[in-house]
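Novice:
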Amino acid sequence: MLAEKAGSRPPWVGLAAAVWVQVAAGSAYNFPLYSHSLKSVLGYTQQQLTMLGVANDIGENFGMVPGVLCNRFPPWLVLLIGAASCFVGFGVVWLAVSQTVIGLPYWVLWIALCIATNSSAWLGTGVLVTNMRNFPLSRGTVAGILKGYMGLSAAVYTALYTGVLHNSSTKLLLFLTLGLPAILLAMMYFVRPCTPSLEDDSSEHGHFVFTQISGVLLGLYLLTITILDDVLSLNDAVMYTLFGVMVLLLLAPLAIPLRMTLFPSSKRTSAAGPSSSSDRTNEGDLDKSEPLIAASSSTTNVESFLEPDDASDVDMLLAEGEGAVKKKRRPKRGEDFRFREAVIKADFWLLFMVYFLGVGSGVTVLNNLAQIGIAVGVDDTTILLCLFSFCNFIGRLGGGAVSEHFVRSRMLPRPIWMTCTQIIMVIAYLLFASALNGTLYASTALLGICYGVQFSVMVPTASELFGLKHFGLIYNFMLLGNPLGALLFSGILAGYVYDAEAAKQHPGFMDNSTTSCLGPSCFRLTFLVLAGVCSLGTLLSIILTVRIRPVYQMLYAGGSFRLPRSSLH
109 MLAEKAGSRP
119 PWVGLAAAVW
129 VQVAAGSAYN
139 FPLYSHSLKS
149 VLGYTQQQLT
159 MLGVANDIGE
169 NFGMVPGVLC
179 NRFPPWLVLL
189 IGAASCFVGF
199 GVVWLAVSQT
209 VIGLPYWVLW
219 IALCIATNSS
229 AWLGTGVLVT
239 NMRNFPLSRG
249 TVAGILKGYM
259 GLSAAVYTAL
269 YTGVLHNSST
279 KLLLFLTLGL
289 PAILLAMMYF
299 VRPCTPSLED
309 DSSEHGHFVF
319 TQISGVLLGL
329 YLLTITILDD
339 VLSLNDAVMY
349 TLFGVMVLLL
359 LAPLAIPLRM
369 TLFPSSKRTS
379 AAGPSSSSDR
389 TNEGDLDKSE
399 PLIAASSSTT
409 NVESFLEPDD
419 ASDVDMLLAE
429 GEGAVKKKRR
439 PKRGEDFRFR
449 EAVIKADFWL
459 LFMVYFLGVG
469 SGVTVLNNLA
479 QIGIAVGVDD
489 TTILLCLFSF
499 CNFIGRLGGG
509 AVSEHFVRSR
519 MLPRPIWMTC
529 TQIIMVIAYL
539 LFASALNGTL
549 YASTALLGIC
559 YGVQFSVMVP
569 TASELFGLKH
579 FGLIYNFMLL
589 GNPLGALLFS
599 GILAGYVYDA
609 EAAKQHPGFM
619 DNSTTSCLGP
629 SCFRLTFLVL
639 AGVCSLGTLL
649 SIILTVRIRP
659 VYQMLYAGGS
669 FRLPRSSLH
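Numbering (the working numbering), first residue to last: 109 to 677.
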């Protein structure tokens, strides 16, 4: 497939298609919408249910395989594998919940959920790394937009669930089984690698702002219609109309390539022309067949992100022996790292631990949000989920945009925003534990924003410290912090505490699947532990910020991202 000309329409078409793919990739956020059916129809205990939530998170975040294969496969094939996972995994869950097949073992459903939500890893890897390569000078902004729409997907599915599917878990699972693969098959052609633009462009900034604003409007719209439906009980015709408007808002990013087609700019930036900076060089010939993430022979050239890594270690040794090249040295922070080179760096593990503590604690609340609401007397927990989703979107979008602004203007390391938000998360968990009147929705909103920031800051930070060459694998390893946190804090801690409190409240019942825990004590101990977890995360993020400040001073000394000079060859 030929790479497209820099600054042309296809990168923006790909970004618009990526929005839909990211919404589809948020299918794992649907677990709270059908988890009650797993408990009531299949008779599971709360701890069994939370372990299914762990399977949900493991599948969503186990992206090591797509991280490796994205160096070999084109984007459309990566997305096709994600669509197939969605069809097979959610199909099995639908068979069980609809009782089309009766008596499926617990372990079969556990594996099916892993497969179903693993589609998120394939889809997220496919669109994120492709678009970060297509817009390498705006990594934080692109990561914030794409991760933001994925966070907003929970509100999209909530609107679909309540307004169109009439709160039916079986219909929702059927849509995830058949509807999502159909959408992905329609979109996968448009997500493809293109030649990145070599210079900062004011029109590009305007396009990003338009995409961000349309996302915020979509989030506000979804929150509004969810509340209206709860308060006014809107009829089917009105809900279908409102859902149609939502679809139009999801199509809004497509207005950018349409405008570029109808009103083409007279000024085109040539991808092959000389650059004004001494750190940039002329673009070489592009390989006509390129994988999702191609390796680079040098980080000096922007176009090197697209060159295949064909030189073997044997060839390199022969070249060194003949004196053709100098011996390879270990990369410095800011240059391209191989995965095995990155994992021996302290900054790698600091970033992983900060991310693990932040998202691991946040996903615990997300997985148990329905039970948390019921415990304190909330009748309709879908509003809580929609609120968390919208604030998660704001956090992801804002985290990318704000960190991008301050890293360019002040050379402020991105992890400082993980520090700030984890301090706020400590406060939110203490509010949850106190169960004060009127604090539930405020705590959920605060947590949603801070949870979203962790994603949109981790992604560009990993690419800036360790390069884009093996970004897919490094990024997906970082994502393992999410299911690890879900296992420890949700599956083991929260599930055990909830069932223990339910047993105290209903001492005569042997089967906890038929009982619910009511009152703040159901999750109080869990929230206090999570507050301590984020306190540790705050400390580690401060250490990381101090350590990597020189890297950001090197990368953004001129006010915009510049690739470090490498002497690998």
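Idealized CB from N, CA, C, for every residue including glycine.
For residue 274, count neighbouring Cβ atoms within 10 angstroms of its own Cβ and tell me buried if that reaches 16, exposed if not.
Specialist: exposed
Novice: State buried or exposed for residue 379, treating a residue as buried only when at least 16 other CB atoms are found within 10 Å of its CB.
Specialist: Only weak support is given to the placement of residue 379: the predicted model assigns it a pLDDT of 39, under 50, and the value that follows is read from those uncertain coordinates. The residue in question, residue 379, is buried, as its Cβ has 16 or more Cβ neighbours within 10 Å.
Novice: Tell me whether residue 441 sits in a helix, a strand or coil according to DSSP, three-state version.
Specialist: strand
Novice: With H, G and I counted as helix, E and B as strand and the rest as coil, what does DSSP make of residue 524?
Specialist: helix
Novice: Return the chain-ordered list of same chain residues with a C-beta closer than 7 angstroms to the C-beta of residue 166, the five sequence neighbours on each side being excluded.
Specialist: 222 and 591
Novice: Following the continuous alpha helix (DSSP H) through residue 465, name the residue where it begins and the one where it ends.
Specialist: 454 to 475
Novice: Please confirm if the stretch 247 to 263 is in contact with the stretch 191 to 211, defined as three or more CB-CB distances below 8 angstroms between the two stretches.
Specialist: Taking 8 angstroms as the limit for Cβ pairs, the verdict is that the stretch 191 to 211 does not touch the stretch 247 to 263.
Novice: From which residue to which residue does the alpha helix (DSSP H) around residue 165 run?
Specialist: 154 to 169
Novice: Does residue 250 pass the burial test, meaning 16 or more other C-beta atoms within 10 Å, or should it be called exposed?
Specialist: buried
Novice: Whole alpha helix (DSSP H) runs in the stretch 491 to 564 with 4 or more residues, listed along the chain?
Specialist: 524 to 542
Novice: Output needed for residue 464: all residues of its chain with C-beta closer than 7 angstroms, excluding positions within five of it in sequence on either side, in chain order.
Specialist: Its chain contains 589, 592 and 593 as the residues whose beta carbon lies nearer than 7 angstroms to that of residue 464, once the 5 sequence neighbours on both sides are disregarded; these appear in chain order.
Novice: Under the three-state reduction of DSSP, which class applies to residue 279: helix, strand or coil?
Specialist: helix
Novice: Quick check: the stretch 452 to 463 against the stretch 594 to 610, are there 3 or more CB pairs under 8 angstroms?
Specialist: no
Novice: Can the beta-carbon of residue 121 be found less than 7 angstroms from the beta-carbon of residue 304?
Specialist: no
Novice: Do you know offhand how far residue 517's Cα is from residue 456's?
Specialist: If you take the alpha carbons of residue 517 and residue 456, they lie about 25 angstroms apart.
Novice: Excluding the five sequence neighbours on either side, which residues of its own chain have a C-beta within less than 7 angstroms of the C-beta of residue 155, listed in chain order?
Specialist: 603, 604 and 607
Novice: Grab me the residues of residue 541's own chain with a C-beta within less than 6 angstroms of its C-beta, minus the 5 sequence neighbours each way, in chain order.
Specialist: 632, 635 and 636
Novice: Enumerate, from N- to C-terminal direction, the unbroken alpha helix (DSSP H) stretches of 4 or more residues contained entirely within the stretch 209 to 254.
Specialist: 214 to 242
Novice: Tell me, please, whether the stretch 142 to 161 touches the stretch 569 to 582 by the rule of three or more beta-carbon pairs shorter than 8 angstroms.
Specialist: They do not touch, by the three-pair rule.
Novice: Closer than 8 angstroms by C-beta to residue 596: which residues in its own chain qualify, once you throw out the five before and the five after it? Chain order, please.
Specialist: 468.
Novice: Out of curiosity, what's the CA-to-CA distance linking residue 320 and residue 612?
Specialist: 48 angstroms
Novice: Is the stretch 552 to 568 touching the stretch 436 to 447 in the sense that three or more CB pairs, one from each, lie closer than 8 angstroms?
Specialist: no
Novice: DSSP three-state call for residue 577: helix, strand or coil?
Specialist: Correct three-state label for residue 577: coil.
Novice: Considering only C-alpha positions, which residue in the set 164, 175, 528 and 370 is nearest to residue 90?
Specialist: Limits of the chain in this structure are 109 at one end and 677 at the other, which puts residue 90 out of reach.
Novice: Whole angstroms are fine: how far does the CA of residue 184 sit from the CA of residue 234?
Specialist: 8 angstroms
Novice: Mind checking which residues open and close the alpha helix (DSSP H) that includes residue 590?
Specialist: 589 to 593
Novice: Threshold first: 4 residues or longer. Then list the alpha helix (DSSP H) segments lying entirely within the stretch 305 to 342, N to C.
Specialist: You should have 310 to 340.
Novice: For residue 607, which three-state DSSP category applies?
Specialist: Of the three classes helix, strand and coil, the one that applies to residue 607 here is helix, per DSSP.
Novice: Report the option in 339, 299, 630 and 503 whose CA atom is closest to the CA atom of residue 739.
Specialist: Residue 739 is absent from the structure shown; the chain starts at 109 and stops at 677.
Novice: Excluding the 5 residues preceding and the 5 following residue 567 in the sequence, name in chain order all residues of the same chain whose CB lies nearer than 6 angstroms to its CB.
Specialist: 251
Novice: Among 208, 665, 324 and 515, whose alpha-carbon lies nearest the alpha-carbon of residue 505?
Specialist: With distances taken between Cα atoms, residue 505 lies closest to 324.
Novice: With distances taken between CB atoms, is the gap from residue 599 to residue 162 smaller than 7 angstroms?
Specialist: Between residue 599 and residue 162, the CB-CB gap stays under 7 angstroms.
Novice: Taking only beta-carbon positions, decide if residue 664 is within less than 7 angstroms of chain C.
Specialist: Absent from the structure: chain C. Only one protein chain is present.
Novice: With DSSP run on the structure shown, which of helix, strand or coil describes residue 569?
Specialist: In the structure shown, residue 569 adopts helical secondary structure according to DSSP, grouped into three states.
Novice: Rounded to the nearest angstrom, how far is the Cβ of residue 147 from that of residue 563, given a contact under 8 angstroms?
Specialist: Incorrect: roughly 28 angstroms between the Cβ atoms, too far for contact.
Novice: How many Å lie between residue 368 and residue 119 at the Cα?
Specialist: 12 angstroms
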